[in-house]
Amino acid sequence: MKIENKDNYVILADEYKDINGFVSFLDYQIPAKFKGQNVVLNLLDYDALILEQLIMFMKVNTQHRATKQSFVIVTNTVNPDDIPEELFVVPTLQEAEDIIEMEEIERDLGF
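Numbering (numbering that gives the first Met the number 0), first residue to last: 0 to 110.
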């Protein structure tokens, strides 16, 4: 796993291009090592990602968001209209950063 730390979030990316293995790995790693941090999953290296693969991140997404931290997935291969509203999926890393900033402001305001 590639890890890139930013000021208020961490970017995680798969270095093996094994989506099933990456999901399983993150199910254990995010609660253990990234609790209390906003997380961005960079899936831009997957050029043929499909909705069913994206939905595999739902469990870790729900668990991490329950800790009042952001969880944003970056991919541009899935039609945004097909993505469940529980998942925050954006096409660029800049948009992921913007989502995290908005959610930080909302949390600071008590929403």
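Even glycine gets a Cβ: it sits at the ideal position worked out from N, Cα and C.
These numbers come from a predicted model, not from an experiment.
- Scanning the stretch 49-80 from its first residue to its last, the whole beta strand (DSSP E) runs of 3-plus residues come out as 70-73.
- Taking the Cα positions, Q62 is about 15 Å away from E84.
- Just measuring C-alpha positions, the residue of I18, K32 and F24 sitting nearest L50 is I18.
- Distance between A95 and G20, taken at the CA atoms: about 23 Å.
- Taking K16 as reference, the option from Q36, F33, D44 and I2 with the minimal CA-CA separation is D44.
- Rounded to the nearest whole angstrom, the CA to CA distance from L86 to N60 is 7 Å.
- Closest in C-alpha terms to E14, from the list E103, K67, M101 and F24, comes F24.
- The shortest C-alpha to C-alpha distance from A12 to any of T76, Q28, P90 and L40 is the one to L40.
- Counting of Cβ neighbours within 10 angstroms places N4 among the exposed residues, the total staying below 16.
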